[in-house]
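S.K.: Residue numbers for the sequence shown follow our numbering, so the first one is 44 and each next one is one higher. Think of the CB as a built atom: it goes at the ideal place given N, C-alpha and C, for glycine as much as any other residue. Just so we're clear, the structure is a prediction, and the values are computed from it rather than from any experiment.
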Amino acid sequence: MFFDILPTLIAEKNLHDARTGFHDIKPVPQLTFANQSLLLLALFALAFCLLLALLWRVRKRRGEKLDKEDSALQVAIKALKEVQRGNALKTGQERELALRISSIVRMFLENSLDINASEQTVHELRRTLPRALEATKSTLNLEHTEKDTAEVCTKIENLLSICELLSFSEQPSQELERGEVDLQVLVSNSLEIVNQLDALLRKEEPEPTPSLAEAIGTGNHA
Numbered sequence: 044m045f046f047d048i049l050p051t052l053i054a055e056k057n058l059h060d061a062r063t064g065f066h067d068i069k070p071v072p073q074l075t076f077a078n079q080s081l082l083l084l085a086l087f088a089l090a091f092c093l094l095l096a097l098l099w100r101v102r103k104r105r106g107e108k109l110d111k112e113d114s115a116l117q118v119a120i121k122a123l124k125e126v127q128r129g130n131a132l133k134t135g136q137e138r139e140l141a142l143r144i145s146s147i148v149r150m151f152l153e154n155s156l157d158i159n160a161s162e163q164t165v166h167e168l169r170r171t172l173p174r175a176l177e178a179t180k181s182t183l184n185l186e187h188t189e190k191d192t193a194e195v196c197t198k199i200e201n202l203l204s205i206c207e208l209l210s211f212s213e214q215p216s217q218e219l220e221r222g223e224v225d226l227q228v229l230v231s232n233s234l235e236i237v238n239q240l241d242a243l244l245r246k247e248e249p250e251p252t253p254s255l256a257e258a259i260g261t262g263n264h265a
C-alpha cells in the first residue's frame, strides 16, 4: 500500500520544493531614473579622470622632450651665429645669405607664434604678425602693449624686406656696393629681433643689440 502512494508523495514533495524555490527567487531590481542618472554620472566622472590622466601624461612627455631639445630661440641664435661666422661676403653669396637669414627668422616665428611664416609674403605677415602677438596676451597671459607689438612687427617686416631685396635682386652685390645694405649688420639685427621677440613672449628685457636701422645705409658704407 505504501509503495502505491510513494510516487504521489514524491511528486507532491517536488511540487512543494518547486513552489518554495520560486518564492525564494527575488525579482531583479529595476533601475530607477535617479539610479540611472547616478550611474551615468559615475561613468562620466571616471572617463573624465582617465582623460585628465592621459593629458597629464602626454604633457609631461612633451615637457621632458622640450627640456632635452634646444628652444626655438637657441636654434635661431645658433643658426644666425653660424651665418655670422661664414664667409658669404668674401665668396659673393649674398643672395644665399639673405635667403638663409630669412629662413631662420621665419622658422623662429613659426615655432614662437605658431604661424605659417615660411609660406607667407612680407605683405601677408604684416597682417598676420600683429594678430598672432595679440593672441599671446590671452594664451600666455602677457601684457605687452600695442607699441611693443608694432615695434617688433616693424623690425621683422623691414628685415624680411631687405632679405627679399637681396634674394630677388639680379645683382645683389651692387646693393652692397652702394651701401644700401650691410650684411654683417643685417645678421646682427636678426639676432636682435629674435631676442626681442622671445623676451616679449617671456616678459623679459632683451639684450641690447645694434638697431635695425643700421642695416640700411646712407651711401657711406660703400
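For residue 269, which of 228, 242, 173, 192 has the nearest alpha-carbon?
M.R.: Since the displayed the chain opens at 44 and closes at 265, residue 269 lies outside it and no answer follows.
S.K.: In whole angstroms, give me the CA-to-CA distance for residue 152 and residue 85.
M.R.: Reading the sequence shown from its first residue, position 109 is the one you call residue 152. Reading the sequence shown from its first residue, position 42 is the one you call residue 85. The alpha-carbon atoms of residue 152 and residue 85 are separated by roughly 45 Å.
S.K.: Can you tell me the Cβ-Cβ gap for residue 237 and residue 120, rounded? I've got them flagged as a contact below 8 Å.
M.R.: Position 194 of the sequence shown holds residue 237. Position 77 of the sequence shown holds residue 120. Their Cβ separation, rounded to whole angstroms, is 7 Å, which keeps residue 237 and residue 120 in contact under 8 Å.
S.K.: In chain order, what residues of the same chain have a beta carbon less than 8 Å from the beta carbon of residue 177, not counting five sequence neighbours either side?
M.R.: To locate residue 177, count along the sequence shown from 1; it is residue 134. Around residue 177: 192.
S.K.: What does the Cβ neighbour count give for residue 137, buried or exposed, with the cut at 16 atoms within 10 Å?
M.R.: As a position in the sequence shown, residue 137 is number 94, starting the count at 1. Buried is the call here.
S.K.: Are residue 165 and residue 143 touching if we call contact CB-CB under 8 Å?
M.R.: Residue numbering aside, residue 165 sits at position 122 when the sequence shown is read from its first letter. Residue numbering aside, residue 143 sits at position 100 when the sequence shown is read from its first letter. No. Outside cutoff.
S.K.: Tell me the start and end of each unbroken beta strand (DSSP E) in the stretch 124-154 that is at least 3 residues and wholly inside, in chain order.
M.R.: List check, beta strand (DSSP E) in window: nothing returned.
S.K.: Taking residue 115 and residue 210 to be in contact with their CB atoms under 8 Å, please state how far apart those CB atoms are, rounded to whole angstroms.
M.R.: The sequence position of residue 115 within the sequence shown is 72, counting from 1. The sequence position of residue 210 within the sequence shown is 167, counting from 1. With 8 Å as the limit, residue 115 and residue 210 do not qualify as a contact, their Cβ atoms being about 23 Å apart.
S.K.: Would you kindly work out how many angstroms separate the C-alpha atoms of residue 175 and residue 226, rounded to a whole number?
M.R.: Indexing the sequence shown from 1 puts residue 175 at position 132. Indexing the sequence shown from 1 puts residue 226 at position 183. Those two C-alpha atoms are separated by around 28 Å.
S.K.: Out of 150, 243, 199, 80, state which residue places its alpha-carbon closest to the alpha-carbon of residue 172.
M.R.: By 1-based counting over the sequence shown, the position of residue 172 is 129. Cα-wise, what sits closest to residue 172 is 199.
S.K.: Within this structure, are the beta carbons of residue 240 and residue 179 separated by less than 8 Å?
M.R.: Start at 1 with the first residue of the sequence shown, and residue 240 comes out as number 197. Start at 1 with the first residue of the sequence shown, and residue 179 comes out as number 136. Contact: no.
S.K.: Roughly how many angstroms separate the alpha carbons of residue 154 and residue 91, rounded to a whole number?
M.R.: Position 111 of the sequence shown, counted from the first residue, corresponds to residue 154. Position 48 of the sequence shown, counted from the first residue, corresponds to residue 91. C-alpha separation (whole angstroms): 31 Å.
S.K.: Please state whether DSSP places residue 197 in a helix, a strand or coil.
M.R.: Taking the first residue of the sequence shown as position 1, residue 197 is located at position 154. Residue 197: helix per DSSP, three-state reduction.
S.K.: In terms of residue numbering, what span does the alpha helix (DSSP H) encompassing residue 227 cover?
M.R.: Working through the sequence shown from its first residue, we reach residue 227 at position 184. 226-244 is the extent of the alpha helix (DSSP H) around residue 227.
S.K.: Would you tell me roughly how many angstroms separate the C-alpha atoms of residue 87 and residue 81, rounded to the nearest one?
M.R.: Position 44 of the sequence shown, counting from 1, holds the residue named residue 87. Position 38 of the sequence shown, counting from 1, holds the residue named residue 81. Using only the alpha carbons, I get a separation of about 10 Å.
S.K.: Could you work out which residue in 79, 139, 156 is closest to residue 242 when comparing CA atoms only?
M.R.: Reading the sequence shown from its first residue, position 199 is the one you call residue 242. Closest by alpha carbon: 156.
S.K.: For residue 89, which residues from the same chain have a beta carbon less than 7 Å from its beta carbon, with the 5 sequence-adjacent residues on both sides left out?
M.R.: For the purposes of this step, residue 89 is taken as residue 46 along the sequence shown, with counting starting at 1. Within the same chain, residue 89 has no close Cβ partners at all.
S.K.: Where does residue 67 fall in DSSP's three states?
M.R.: Numbered from 1 along the sequence shown, position 24 holds the residue referred to as residue 67. Any reading at residue 67 is ruled out, since the residue's pLDDT is 49, under 50, leaving its predicted position unreliable.
S.K.: If we count the other Cβ atoms within 10 Å of its Cβ and call it buried at 16 or more, is residue 96 buried or exposed?
M.R.: Taking the first residue of the sequence shown as position 1, residue 96 is located at position 53. By the neighbour-count rule (16 or more Cβ atoms within 10 Å), residue 96 is not buried but exposed.
S.K.: Report the rounded CA-to-CA distance for residue 170 versus residue 234, giving the unit in angstroms.
M.R.: Here the question's residue 170 lines up with position 127 in the sequence shown. Here the question's residue 234 lines up with position 191 in the sequence shown. Taking the straight line from one Cα to the other gives about 23 Å.
S.K.: If contacts are defined as beta-carbon pairs under 8 Å, then residue 168 and residue 203 qualify, I think. What distance do you get, rounded to the angstrom?
M.R.: Here residue 168 is taken as the residue at index 125 of the sequence shown, counted from 1. Here residue 203 is taken as the residue at index 160 of the sequence shown, counted from 1. That belief holds up - the Cβ atoms of residue 168 and residue 203 are roughly 7 Å apart, short of 8 Å.
S.K.: Does the beta-carbon distance from residue 206 to residue 145 come in below 8 Å?
M.R.: By 1-based counting over the sequence shown, the position of residue 206 is 163. By 1-based counting over the sequence shown, the position of residue 145 is 102. Yes, the Cβ-Cβ distance between residue 206 and residue 145 is below 8 Å.
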